[in-house]
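Participant: Position one of the sequence shown corresponds to residue 19 (my numbering), numbered consecutively onward.
Ideal placement from N, C-alpha and C gives every residue a C-beta, glycine not left out.
The following block contains the structure, expressed as C-alpha cells.
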Amino acid sequence: MVVFRRCLRQFSTRHYLVGNEKADLFLEGVSKRLDECQNGLANAQPDRISYWESIVKQSKTVNETINEIRQLTTLLSDSSENQELKLMAKEDVANLEEVLEENLEELSRRIVPLNNLDVLSKCQIELSCGIGGQEAMLFTGELLDMYSKLAVSNNWSWEPLQIDKVPLGGVRTALIAVAGEDVYSKLRFEAGVHRVQRIPVNDSRMHTSTASVSVLPEPEEVSVVVPSGSVKIEAMRASGPGGQNVNKRSTAVRMTHKETGIAVHCMDERFQHLNIQIAYKRLAAILMQKQVDAMHEKIVSNRKLQVGSKARAEKIRTYNFQHDRVTDHRIQMAVTGVDEFLEAGETLEMMIKKLNEVYMKDRLEHIIETCSID
C-alpha cells in the first residue's frame, strides 16, 4: 500500500492545544466554570460538570508532561552536565514527546465528546449513476459491490431496499439499509460525487463517468421520528416490467409526511405491508437528515468535510485507472491500487479513518476557536 502525491498536512493536535492563545482561553474558561460550580457560585447540569472535570484532569496531565520535558531540555543545554547523564536525558525527552502526543490526543477526545451520530448503528446508502451512460451504470455497480464488501469486512448487516439493475450490466440506482457498529460514522463521508476515469473495453479513448452517493442516518427507533399519525399512506398499483402483481394489485405505497409534505414511493416488494415498512424507514432517514443539515448549518459552513445534503453535489473522489490511483479531493490524499480500493481493501479503510480524523479535528478547532464552554 502506497500513499503518494500531495497529502493533507498532518493536523497537529499540539498546534491547537499548546501555545495557542485561544486554546489557553478555552481551558482557563473550563477550569474557571468548574471552580465556580464546585464552590457553589454557579450551577450546571451534572453531565456538563463531568465534562469539565474530565478536561481539567487531562489538561493537568498534559501540563505535567510539558514541565518534565522543559526540565530535561534545560539539563541538556547545561554544558557542565555529565555527557552520560545528557544521553539518558535525551532518551527521556524522546519518550516523553511520544507520551505528550498521546496525552494531547486524549485531551482532544475529551474536548470533542462523541454525539449520537458518531455512534449511530443504522444508515441508508443511496447510489445513482451520473454522467457517462453505460460506463456510469457499470461504475455505480462497482461502488455498490465495494460497499457490500466493506459491510462484510465490518460485520454489518446489508439489506437491499431498492436496486434498479440494467440488462447490459451495472446499476441505475440502489438503496441499501446498513446496520452495525459505528456504521454511520464510517460511511457518512462517502456521500458525494465519485468520478471514474478509464478506457472502456470497446473504446480506445479515456472516458469520465460519475456516480452520486448519499448516506442518510436512520434512527434507532423509526416510530419516534415518524409516528403513524404523522403520515398519510396511499395504496397504488405497482408499475414496471412483468410480474403477477404488477398493475393487478395495489401493493405499492406512497407515504407523505403531513408536516413537511415530504413523500416517498415504494413498490419493490410483492406485499404492501413490506413496502409500508420500507417507506417508514426511508421517510425517517430523510427527516433525520434534515435535522443533521440544520445542526451543521448552525455550527460552521466552511469545513473541509461536509455532512448531509451539501455533500451530495460535491466532487469528492476520483478513481483513475490509467494511473492506478484513487484521490480524495477533500483531504488531498491519494493511494495507489484502484482494484484493491474497489475490493474494500486496506486503502479504503485507511481513507475512511483519515476522513474521520480530519472531521474530529475540525470539530476540535471549532470548539477552540469559538470558546464553546457551555
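Can you give me the C-alpha to C-alpha distance between G150 and R213, rounded to a whole angstrom?
Facilitator: On the sequence shown, residue 150 is found 132 positions in, with the first residue counted as 1. On the sequence shown, residue 213 is found 195 positions in, with the first residue counted as 1. In a straight line, the C-alpha of G150 is about 10 Å away from that of R213.
Participant: Nearest CA to the CA of N220: which residue from E153, V233 and R88?
Facilitator: Walking along the sequence shown from the start, residue 220 turns up at place 202. Checking every option, the nearest Cα to that of N220 belongs to E153.
Participant: If you pair each beta-carbon of the stretch 163-182 with each one of the stretch 120-128, do three or more pairs fall below 8 Å?
Facilitator: The answer is no - the stretch 120-128 does not touch the stretch 163-182, with fewer than three Cβ pairs under 8 Å.
Participant: When the Cα of L193 is compared with those of D342, Q180, Y202 and L186, which residue comes out closest?
Facilitator: Within the sequence shown, numbered from 1, the residue matching residue 193 stands at position 175. For L193, the nearest C-alpha among the options comes from Q180.
Participant: According to DSSP, is M273 part of a helix, a strand, or is it coil?
Facilitator: Taking the first residue of the sequence shown as 1, we reach residue 273 at position 255. M273 falls in the strand class under three-state DSSP.
Participant: Go through its chain and collect everything with a Cβ distance to A362's Cβ below 7 Å, but skip five positions before and after it.
Facilitator: Counted from its first residue, the sequence shown places residue 362 at position 344. Here the set comprises M164, K167, L168 and S171.
Participant: Helix or strand or just coil, what does DSSP make of I251?
Facilitator: For the purposes of this step, residue 251 is taken as the residue at position 233 of the sequence shown. Correct three-state label for I251: strand.
Participant: Along the chain, where does the alpha helix (DSSP H) containing D53 start, and where does it finish?
Facilitator: Here residue 53 refers to the residue found at position 35 when the sequence shown is read from its first residue. Taken as a continuous stretch (DSSP letters only), the alpha helix (DSSP H) holding D53 covers E39 to Q56.
Participant: Taking DSSP as the reference, what is the three-state secondary structure of H291?
Facilitator: Translated into the one-based positions of the sequence shown, residue 291 becomes position 273. Residue state, collapsed to three classes: helix.
Participant: In chain order, what residues of the same chain have a beta carbon less than 6 Å from the beta carbon of T191, not counting five sequence neighbours either side?
Facilitator: Counting from one through the sequence shown, the residue named residue 191 turns up at place 173. Result list for T191: S146 and D182, in chain order.
Participant: Would you call the stretch 132-142 and the stretch 196-203 touching, i.e. three or more CB-CB distances under 8 Å?
Facilitator: With the cut-off at 8 Å, the stretch 132-142 and the stretch 196-203 touch.
Participant: By DSSP, does M351 sit in helix, in strand, or in coil?
Facilitator: Locating residue 351 in the sequence shown gives position 333, counting from the first residue. Here M351 sits in strand by DSSP.
Participant: Out of curiosity, what's the CA-to-CA distance linking S230 and T365?
Facilitator: Taking the sequence shown and counting its residues from 1, the one referred to as residue 230 is at position 212. Taking the sequence shown and counting its residues from 1, the one referred to as residue 365 is at position 347. In a straight line, the C-alpha of S230 is about 21 Å away from that of T365.
Participant: When you measure from the CB of S49 to every non-hydrogen atom of the ligand ZN, does any distance come out below 6 Å?
Facilitator: The model on display carries no ligand, and the ligand ZN is accordingly not part of it.
Participant: In terms of residues, what are the limits of the alpha helix (DSSP H) holding L114?
Facilitator: For the purposes of this step, residue 114 is identified with residue 96 of the sequence shown, where counting begins at 1. Where L114 is concerned, the enclosing alpha helix (DSSP H) stretches over Q101 to I129.
Participant: Tell me the DSSP secondary structure of H341 in three-state form.
Facilitator: Working through the sequence shown from its first residue, we reach residue 341 at position 323. The answer is coil: DSSP assigns H341 none of H, G, I, E or B.
Participant: DSSP three-state call for E153: helix, strand or coil?
Facilitator: For the purposes of this step, residue 153 is taken as residue 135 along the sequence shown, with counting starting at 1. Reduced to three states, the DSSP call for E153 is helix.
Participant: Give the secondary structure of G260 by DSSP, where H, G and I count as helix, E and B as strand, and everything else as coil.
Facilitator: Here residue 260 refers to the residue found at position 242 when the sequence shown is read from its first residue. Since pLDDT at G260 reaches only 49, below the 50 mark, its modelled position is unreliable, and the value read off the structure follows with that caveat. DSSP places G260 in coil when its eight states are reduced to three.
Participant: Does the count of Cβ pairs from the stretch 76-94 and the stretch 345-359 closer than 8 Å reach three?
Facilitator: Too few Cβ pairs lie closer than 8 Å, so no.
Participant: Between which two residues does the beta strand (DSSP E) containing R190 stretch?
Facilitator: Taking the first residue of the sequence shown as 1, we reach residue 190 at position 172. Its beta strand (DSSP E) spans residues V189 to A197.
Participant: What is the DSSP secondary structure of W174, counted as helix, strand or coil?
Facilitator: Indexing the sequence shown from 1 puts residue 174 at position 156. Coil.
Participant: Just how far apart, CA to CA, sit N320 and L360?
Facilitator: The count along the sequence shown starts at 1 and reaches residue 320 at position 302. The count along the sequence shown starts at 1 and reaches residue 360 at position 342. Confidence is the limiting factor: at N320 the pLDDT is only 49, short of 50, which leaves the residue's position unreliable, though a coordinate-based value still follows. Answer to the nearest angstrom: the Cα atoms are 30 Å apart.
Participant: Which term fits Q56, buried or exposed, when burial requires 16 or more other beta carbons within 10 angstroms of its beta carbon?
Facilitator: Here residue 56 corresponds to residue number 38 of the sequence shown, with the count starting at 1. With fewer than 16 other Cβ atoms within 10 Å, it is exposed.
Participant: With distances taken from CA atoms, which of E375, L132 and F157 is nearest D357?
Facilitator: Along the sequence shown, one-based indexing puts residue 357 at 339. Cα-wise, what sits closest to D357 is F157.
Participant: Name the two residues that bound the continuous alpha helix (DSSP H) containing T83.
Facilitator: Within the sequence shown, the letter at position 65 stands for residue 83. That run of the alpha helix (DSSP H) goes P64 to L94.
Participant: Nearest to N81 by alpha carbon, out of A60, E109, K104 and L114?
Facilitator: Translated into the one-based positions of the sequence shown, residue 81 becomes position 63. Closest by alpha carbon: L114.
Participant: Run through DSSP, which three-state label would L382 get?
Facilitator: Taking the sequence shown and counting its residues from 1, the one referred to as residue 382 is at position 364. Residue state, collapsed to three classes: helix.
Participant: Leaving out five residues before and five after V155 in sequence, what residues of the same chain have Cβ atoms less than 7 Å from its Cβ?
Facilitator: Walking along the sequence shown from the start, residue 155 turns up at place 137. According to the sequence shown, residue 155 is Met rather than Val. For M155, where only same-chain residues beyond five positions count, the Cβ hits under 7 Å are C147, V184, G188, V189 and R190.
Participant: Measure the Cβ-Cβ separation of H275 and V249 and say whether it is below 7 Å.
Facilitator: Position 257 of the sequence shown holds residue 275. Position 231 of the sequence shown holds residue 249. In this structure, V249 lies closer than 7 Å to H275 by Cβ.
Participant: What does the alpha-carbon distance come out to for the pair M369 and A62?
Facilitator: Counting from 1 along the sequence shown, the entry for residue 369 is found at position 351. Counting from 1 along the sequence shown, the entry for residue 62 is found at position 44. Near 39 Å, if we compare the C-alpha coordinates of A62 and M369.
Participant: Less than 7 Å between the C-beta atoms of I304 and V271, yes or no?
Facilitator: As a working note, residue 304 is residue 286 in the sequence shown. As a working note, residue 271 is residue 253 in the sequence shown. Not closer than 7 Å, so no.
Participant: What do you reckon, are the CB atoms on V240 and K299 nearer than 7 Å?
Facilitator: What you label residue 240 is simply residue 222 of the sequence shown in a count that begins at 1. What you label residue 299 is simply residue 281 of the sequence shown in a count that begins at 1. Yes.
Participant: Measure the alpha-carbon distance for M224 versus D342 and round it to whole angstroms.
Facilitator: The count along the sequence shown starts at 1 and reaches residue 224 at position 206. The count along the sequence shown starts at 1 and reaches residue 342 at position 324. M224 and D342: Cα-Cα distance of roughly 14 Å.
Participant: Determine, using beta carbons only, whether T228 and V211 come nearer to each other than 7 Å.
Facilitator: Within the sequence shown, numbered from 1, the residue matching residue 228 stands at position 210. Within the sequence shown, numbered from 1, the residue matching residue 211 stands at position 193. Cβ distance < 7 Å, so T228 and V211 count as in contact.
Participant: Ordered along the chain, which non-local residues of its own chain (more than five positions away) have a Cβ less than 7 Å from that of V382?
Facilitator: Residue 382 sits at position 364 when you count from the first residue of the sequence shown. Going by the sequence as given, residue 382 is Leu instead of Val. Excluding sequence neighbours, L382 sits near Y34, S126, I129 and V130.
Participant: Thinking just about the alpha-carbon of each residue, which of I67, N38, T278 and A253 is nearest to the one in R51?
Facilitator: The sequence position of residue 51 within the sequence shown is 33, counting from 1. Here the closest residue by C-alpha is I67.
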